[in-house]
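Under the working numbering, think of the first position of the sequence shown as 135, with each following residue one higher.
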Amino acid sequence: MKWNLFLSLAMLTVTLGAGCGESEEHDHDEHDEMSAEGEACTHAQDSPTTVVAGSGIAGLDADVSQSHTLYEVTLNETEAGSGDYSGYLSFEAPEHADYLIFTSTQAELSVLDSADVALETTVSGVDGCVELAQAHRVALDAERYVIEIGPVSTSTLSLIIESEAHDHDHD
């Protein structure tokens with residue numbers, strides 16, 4: 135009897151321990167009902183992937199298309215000594231959806247389509263997540279876009295992109 139209790143407790147510990155590992159490896163099935171904001175806040179705890187933003191649209195190779203990923207973006211100073219920073223990132227939307235682009239600081243942000251036309255975005259604050267300051271909502275089709283950030287007064291910021299009601303299929 136005691137052996138069964140011990141074995142049950144051991145299995146429970148292993149099960150709970152697996153669910154409480156680093157948030158990069160967390161089980162997305164546990165929070166299928168989580169909002170995009172909740173999902174982003176969870177991923178804001180992950181180790182970041184670093185990218186250097188492009189200084190222009192031409193030849194852009196700074197890609198932030200990996201879903202459920204915290205990016206630490208290094209921006210470019212707009213003019214030497216100005217203290218203003220900006221940059222360009224490439225993002226491929228995998229499906230038609232509303233996307234939320236979360237940033238760690240308040241920042242001007244535009245999403246440009248293939249004709250370099252800025253799409254309509256709405257900005258809101260992020261409550262209950264100290265790592266994220268803003269959410270920029272934009273409706274996107276399944277294609278490649280350019281995200282223009284800045285000017286901002288900091289040379290780096292964190293960025294996470296989540297689609298609303300996504301299906302949690304991870305690559």
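The C-beta atom is built at its ideal place from N, Cα and C for all residues, glycine as well.
When Cβ pairs closer than 8 Å are counted between the two stretches, the region 234-244 is seen to touch the region 266-273, the count reaching three or more.
Residue state for residue 171 is assigned as helix, using DSSP reduced to three classes.
Assignment of residue 270 by DSSP, reduced to helix, strand and coil, places it in the strand class. Taking 8 Å as the cut-off, the Cβ atoms of residue 286 and residue 194 do not count as close. Under the Cβ criterion (8 Å, minimum of three pairs), the region 222-237 counts as touching the region 172-191. A distance of 8 Å or more separates the beta carbons of residue 296 and residue 244. Looking from the CA of residue 248, the closest CA among 181, 276 and 213 belongs to 276. Per DSSP, residue 284 is one residue of the beta strand (DSSP E) stretching across 278-286. Here DSSP, grouped into helix, strand and coil, assigns residue 208 to strand.
In the three-state reduction of the DSSP assignment, residue 184 falls in the strand class. Between residue 259 and residue 209, the gap from beta carbon to beta carbon reaches 8 Å or more. Here the alpha carbon of residue 204 sits roughly 12 Å from the alpha carbon of residue 197. Partner residues in the beta bridge of residue 231, as assigned by DSSP, are 274.
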